[in-house]
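Mapped onto our numbering, the consecutive letters of the sequence shown carry residue numbers 6 to 144.
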Amino acid sequence: MSTASSEFAHIGKSVRIKGDLSGSEDLYIDGQVDGTIQLSGNSLTIGPNGRVHANVSAKNVIVGGTIEGNIQAGERTELRKTAVVNGDVQSKRIAIEEGAFFNGKLEIVPEGKSQSSPPSIAAAASTGARSSSASETSK
6 MSTASSEFAH IGKSVRIKGD LSGSEDLYID GQVDGTIQLS GNSLTIGPNG
56 RVHANVSAKN VIVGGTIEGN IQAGERTELR KTAVVNGDVQ SKRIAIEEGA
106 FFNGKLEIVP EGKSQSSPPS IAAAASTGAR SSSASETSK
């Protein structure tokens, strides 16, 4: 049984892609992607083995691996406890689990307001040594 909502593409952990990705189905990345990812009406999941060096635009973004680049989510962004995010996040809603690492700027976009383009990846990389973390330090 296959429906449009259950269709997804999978990039396995041994796969490495360089270039621009776009599509009209959900995408699960457990490998490495360098470039840009554009999934306007679909969801992107970066699995625990996933390593993404790209600016990302998707309806929903779930991060369990590492992303170096900006995230623009039309609906929701979720940073799981194994997530490492170095870049800015722009989303209507966000969930950050304890243990996730986030270094960048967060912009919550109110309902009904259109999202602006996120800053370039170069701007995110220039934040330098002064990083912020969404995780709590061990006591």
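Cβ atoms here follow ideal geometry from the backbone N, Cα and C, with glycine treated the same way.
- A residue is called buried when at least 16 other Cβ atoms come within 10 angstroms of its Cβ; Ser29 does not meet this threshold and is exposed.
- Contact check for Gly92 against Ile113 fails: the beta carbons are separated by 8 angstroms or more.
- Under a 10 Å Cβ-count criterion, Glu12 is classified as exposed, with fewer than 16 other Cβ atoms of the shown protein chains found around its own Cβ.
- When DSSP reads this structure, Asn65 sits in a beta bridge with Ser48 and Arg81.
- For Ser29, there is no enclosing beta strand (DSSP E), as DSSP gives it neither H nor E.
- One alpha carbon belongs to Ile16, the other to Pro115, and they sit about 32 angstroms apart.
- Cα atoms of Val66 and Ile22: separation of roughly 19 angstroms, rounded to the nearest angstrom.
- Secondary structure note for Asn91: its beta strand (DSSP E) is the uninterrupted segment Val89 to Asn91.
- In this structure, the beta-carbon distance from Thr82 to Ala59 does not fall below 8 angstroms.
- Sixteen is the threshold: when 16 or more other Cβ atoms of the shown chains lie within 10 Å of the Cβ of Asp31, as they do, the residue is buried.
- Pairing Val68 with Gly117, the inter-Cα distance amounts to about 25 angstroms.
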